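Novice: If you're matching positions, the sequence shown starts at 1 in the UniProt record's numbering and goes up one per residue.
Built from N, CA and C at the ideal position, the CB exists for glycine as well.
Nothing here was measured: the structure is a model prediction, and the numbers come from that model.
Below is the structure I would like to discuss, written out as structure tokens.
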Amino acid sequence: MKYLGIDYGLKKIGLALSEGMIASPLTTLNTSSLSDALSKVQEIMTKEGIETVAIGLPDSGSSRQITEAFIAEFKKNSLVKIIGVSETLSTQTAKRNLQQLGVSRKKRQQDDSMAAALILQDYLDSI
């Protein structure tokens with residue numbers, strides 16, 4: 001089974017992949033709208049044969065509402081299993097990990113895909 005992890009943001013979406021054991025960062029998508037985001041994610045899902053999606057859910061606030069709106073639209077257009085996973089500190093942890101590894105500031109733009117990998121790994125560890 002193939003899994004996709006998503007760290008959703010209005011301008012950038014981090015993606016990660018797994019075949020069931022270990023989540024790995026895939027890419028960060030730059031998006032201009034909700035429909036653009038859905039289209040790009042669906043394209044990758046089709047290409048990769050994704051069966052389950054774990055989407056990071058912020059604890060509260062406007063970010064949570066925005067992510068919930070994305071999930072609602074995503075569910076309308078997808079037949080795969082979609083799971084909301086707490087993303088508490090995922091982006092901060094990703095940034096810290098990349099910094100500790102000595103990754104340059106420019107290359108740390110990957111932090112969204114690293115956060116997606118942390119979200120997906122949390123889900124995989126729970127099943």
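Applying the criterion that 16 or more other CB atoms from any shown protein chain within 10 Å of the CB defines a buried residue, is I127 buried or exposed?
Specialist: By the neighbour-count rule (16 or more Cβ atoms within 10 Å), I127 is not buried but exposed.
Novice: Quick check on DSSP: helix, strand or coil for V41?
Specialist: Three-state result, V41: helix.
Novice: What are the boundary residues of the beta strand (DSSP E) that K81 is part of?
Specialist: Run containing K81: 81-86, per the beta strand (DSSP E) assignment.
Novice: Reducing DSSP to helix, strand and coil, say where K47 ends up.
Specialist: Three-state DSSP puts K47 in a helix.
Novice: Could you give the distance in angstroms between the alpha-carbon of S18 and the alpha-carbon of Q121?
Specialist: Roughly 8 Å between the two C-alpha positions.
Novice: Please return the same chain residues whose Cβ sits closer than 8 Å to the Cβ of L34, not counting the five positions on each side in sequence.
Specialist: So the qualifying residues of the chain are A69, F70, E73.
Novice: Please classify M21 as buried or exposed, where buried requires at least 16 neighbouring CB atoms within 10 angstroms.
Specialist: It counts as exposed.
Novice: Could you spell out where the beta strand (DSSP E) holding G20 opens and where it closes?
Specialist: Careful: G20 lies outside any beta strand (DSSP E) and carries neither H nor E.
Novice: Using a Cβ-Cβ cut-off of 8 Å (strictly less than) and excluding sequence neighbours within five positions of A75, which residues of its own chain qualify?
Specialist: Correcting the residue identity first, residue 75 is Lys in this sequence and not Ala. Result list for K75: I82, in chain order.
Novice: For D59, is the classification buried or exposed, using 16 other Cβ atoms within 10 angstroms of its Cβ as the cut-off for buried?
Specialist: Exposed: under 16 other Cβ atoms inside 10 Å.
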